[in-house]
Amino acid sequence: MSLVRDGLHFPIGTGRADAKSVQIGTHPQVEFVVLLPRGKDTGHLRVAGTAVEVKEKKAHEAWARGMGYDVTAYAPGGLDTPGIVVYRIVPPIVRLNVPGTMGEAELPLDLFR
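Dropping the structure here:
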């Protein structure tokens, strides 16, 4: 499973038959944390929500671009391979911990839609 950054969106993708994809299909509630290092401090962005499959080619292309390697190395048909699935996380809440501070602040959700 590959999580990539596309602006303020973080699509995740994998093979449809992979264990994580099967788990998401059964229980679509997911959470991930992106580390935000700055100097000797590290903050984080915490996103939790529902994984929703996206089928738009633009979303698949953004995910593939963000991975930094050729998708055909794992899927000979590239993005047209039926076994590739990309999810978008629809969060009810996003939290930010600024590097060097304690605690988390909620971010406006319209940034992530």
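Under my numbering, the first residue of the sequence shown carries the number 2, and numbering increases by one thereafter. We treat Cβ as the ideally placed atom computed from N, Cα and C, and that holds for glycine.
- Ranked by Cα distance from G26, the options D42, R47, G69, Y88 are led by Y88.
- Pairing F11 with L46, the inter-Cα distance amounts to about 11 Å.
- Its chain contains L46, A106, L108 as the residues whose beta carbon lies nearer than 6 Å to that of L97, once the 5 sequence neighbours on both sides are disregarded; these appear in chain order.
- In summary, T73 is exposed, with fewer than 16 beta-carbon neighbours lying within 10 Å of its beta-carbon over all protein chains present.
- The alpha carbon of E54 has as its nearest neighbour, out of K41, V23, M68, G79, the alpha carbon of V23.
- DSSP, reduced to helix, strand and coil, places E32 within a strand of the structure shown.
- The closest CA to that of M2, considering only V86, P100, V95, L37, is found on V86.
- For the pair V91 and T51, the CB atoms are nearer than the 8 Å cut-off.
- Between L80 and E62, the C-beta gap is smaller than 8 Å, which places the two residues in contact.
- Residue pairing by DSSP places I90 opposite A52 in a beta bridge.
- Ranked by how close their Cα comes to the Cα of M103, the residues P29, T43, A49, V35 have T43 in first place.
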